[in-house]
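Numbering follows my numbering, with no gaps: position 381 of the sequence shown is 1675.
Note that CB positions come from ideal geometry on N, CA and C, so glycine has one too.
Here's the structure we're looking at; comments come further down.
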Amino acid sequence: MTSANDSWLTRSRGAVWHPCTQMKQHETLPLIPIARARGPWLYDFDGRRYLDAVSSWWVNLFGHGEPTINAAIAAQLEELEHAMLAGFTHRPVIELSERLARVAPGRLGHCFYGSDGASAVEIALKMSFHYWRNVGMPQKTGFASLEHGYHGETLGALAVTDVPIFRDVYTPLLRHNTTVPSPDARLAAPGVGARAHALDAAAVLEATLADRHSTIAALIVEPLVQGAAGMAMYDPAYLERARELTTRYGVHLIADEIMTGFGRTGTMFACEQAKIEPDFLCLSKGITGGYLPLSVVLTTDAVYAAFYDDDPSRGFLHSHSYSGNALACRAALAVLDLFREGDVIANNRRRAAELTALAQPLATHPKVRNFRRLGMIWAFDIESAREDFSRWCFAQALERELLLRPIGNTVYWMPPYVLGAADAELLAERTLEIVACA
Ligand SMILES: Cc1ncc(COP(=O)(O)O)c(C=O)c1O
């Protein structure tokens, strides 16, 4: 007898081309049709449940069906769902821009909107290049980025991404940029600490900028954690040096906080932990709590002023149809309300301490290497002979009511900020069961 799940997944296989997927693998790999969701739990059509331990690709900060965000979107629907943002403006986009400028590090008072993470990266890269052109330095056309960095799948973002599985096929389409070593603490030589390794990586950045700054517009980084590299964490000293060096050599610093923003690393923004102010801050993912696609690039008065002119070609003539969508902005305002009213960062500190304690048997397990945590991100690498470890682990997790999506041999948790004590226990225990048979 076919289950309700079966009929949905047959239809999905026939009509939906799923992202980041070799579709043939779904001949054997589960594809789960989700019927509804609440808090940290997803439910399929057959009534099975899955603990969303990765916040659905790192977006659902407050879990699913969050009542404040639900209510905010419903109220906004009664007023305005969307109006184009060229030539028009509206209350949610104005309020959101003002509030983001207040919570963001430094003096980033100008917000330019896109729809997803990659579009924010494209905006920041184009804006940086165009800034230098407008101030009389048109030769600054290149970008520097970190080894193993990830900034999205569109061609500009992929050109500053260094994850072979996503990038290699498209290399002929990509502009060549400069890649500098990653400060990933796991790459430190034996006996070298995370900070010393970060400073060694910064020394190479220094030599690179000294040599090529006249042609480099910006350095783009994922502050403190390189997500798609396998939750590679690094010391804030790298960011401090990167800021000093980019300032010294007249190169913009683009902080891609698409993953790290909104409390994920234990502070509202990861840049705060290095006390740095970027020239561009890219935000997306958690900005709407996982409800609606929205991204934004915040930048400084100096950048904004370089575009402000009688000549249209000196303006930033970039657009997306859904820029500053009113429903998405209202969801983002509700997310900021939750931060303001819920003492989220402090509560997460307690939640993180509890889950870290529960994870001790994992941290010391003989198959586990490099157990690490920052804020509400936990990650560890598994020593396993299985070639298909990540797919095997994904399937094993589903059987145990968990949504885990390892990156290579790195298992990570990035749970929503509403994870309760019982669910945290379940997550730690069942992940340990999987690791034990890896
Ligand atoms: C750091 C970072 N930048 C950019 C992106 C791209 O965002 P999107 O998938 O919304 O295009 C991601 C997505 O994982 C990311 O983690």
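Asked	Found
Pull up the CB-CB distance for Gly1557 and Phe1665, whole angstroms please, since I reckon it's below 8 angstroms.	Not really, about 22 angstroms apart at Cβ, beyond 8 angstroms.
DSSP three-state call for Phe1356: helix, strand or coil?	coil
First and last residue of the beta strand (DSSP E) that includes Asn1664?	1662 to 1668
Indicate, with yes or no, if ligand 1 has a heavy atom lying under 7 angstroms from the CB of Tyr1444.	yes
Buried or exposed for Asp1734, please, with buried defined as at least 16 other CB atoms from any protein chain shown within 10 angstroms of its CB.	In this structure the chain extends from 1295 to 1732, so residue 1734 is not present and cannot be described.
By a C-beta neighbour count over all protein chains shown, 10 Å radius and 16 as the cutoff for buried, is Val1310 buried or exposed?	exposed
By the three-class DSSP mapping on this structure, what secondary structure does Ser1613 have?	coil
What number of angstroms, rounded off, separates the C-alpha of Tyr1337 from the C-alpha of Gly1583?	19 angstroms
With respect to the alpha helix (DSSP H) encompassing Ile1388, which residues constitute its N-terminal and C-terminal limits?	1385 to 1397
Provide the residue(s) that pair with Phe1437 in DSSP beta bridges, ordered along the chain.	Ala1512
Can you give me the C-alpha to C-alpha distance between Glu1375 and Ile1367, rounded to a whole angstrom?	9 angstroms
Among residues of its own chain, excluding the 5 on either side of Thr1435, which ones have a beta-carbon nearer than 7 angstroms to its beta-carbon?	Phe1423, Thr1509, Ala1511
How is Asp1338 classed by DSSP in three states: helix, strand or coil?	strand
Along the beta strand (DSSP E) that carries Ser1589, what are the first and last residues, could you check?	1589 to 1593
Under the three-state reduction of DSSP, which class applies to Thr1473: helix, strand or coil?	strand
At the level of alpha carbons, what is the spacing between Asp1410 and Gly1446?	9 angstroms
Could you spell out the range, first to last residue, of the alpha helix (DSSP H) harbouring Ile1581?	That residue, Ile1581, is in no alpha helix (DSSP H); it is neither H nor E in DSSP.
Assign Asn1619 to buried or exposed, taking buried as 16 or more other Cβ atoms, counted over all protein chains shown, within 10 Å of its Cβ.	buried
Go through its chain and collect everything with a Cβ distance to Tyr1407's Cβ below 6 angstroms, but skip five positions before and after it.	Val1590, Ser1617, Gly1618
Assign Tyr1711 to buried or exposed, taking buried as 16 or more other Cβ atoms, counted over all protein chains shown, within 10 Å of its Cβ.	buried
What are the boundary residues of the beta strand (DSSP E) that Leu1325 is part of?	No beta strand (DSSP E) holds Leu1325; DSSP gives it neither H nor E.
If Arg1542 sits next to Ala1496, beta carbons under 8 angstroms apart, how far is it from one beta carbon to the other, in whole angstroms?	Wrong, their Cβ atoms sit about 12 angstroms apart, outside the cutoff.
Does ligand 1 have a heavy atom nearer than 7 angstroms to the CB of Gly1359?	no
Between the segment 1351 to 1361 and the segment 1707 to 1722, are three or more C-beta pairs nearer than 8 angstroms?	yes
In terms of alpha-carbon separation, which member of Glu1693, Ser1678, Glu1727, Phe1574 lies closest to Thr1704?	Ser1678
Which residues in the same chain as Ala1331 place their Cβ atom closer than 7 angstroms to its Cβ, once the five residues preceding and following it in sequence are excluded?	Tyr1337, His1358, Gly1359
Just confirm the distance between the C-beta atoms of Leu1627 and Arg1396, as a whole number of angstroms; I'd bet it's less than 8 angstroms.	That belief does not hold up - the Cβ atoms of Leu1627 and Arg1396 are roughly 12 angstroms apart, past 8 angstroms.
Rounded to whole angstroms, what's the CA-CA distance from Leu1649 to Pro1709? Just pull it up for me.	10 angstroms
Taking contact to mean at least 3 C-beta pairs separated by less than 8 angstroms, is the segment 1568 to 1586 in contact with the segment 1369 to 1386?	no
What number of angstroms, rounded off, separates the C-alpha of Ala1504 from the C-alpha of Pro1606?	34 angstroms
Please state if the CB of Pro1517 and the CB of Cys1576 are separated by a distance shorter than 8 angstroms.	no
For ligand 1, is there any heavy atom lying closer than 7 angstroms to the beta carbon of Gly1411?	yes
Less than 6 angstroms between C-beta atoms, sequence neighbours within five positions excluded: which residues of the same chain meet that for Asp1456?	Glu1441, His1442, Gly1443, Thr1473
Which whole-angstrom value describes the C-beta separation of Ala1622 and Leu1588, a residue pair presumed to lie in contact below a C-beta threshold of 8 angstroms?	4 angstroms
Since Glu1571 and Gly1400 should fall inside the 8 angstroms C-beta cutoff, what is the C-beta to C-beta distance between them, to a whole number of angstroms?	3 angstroms
Is the separation between the beta-carbon of Ala1492 and that of Tyr1528 shorter than 8 angstroms?	yes
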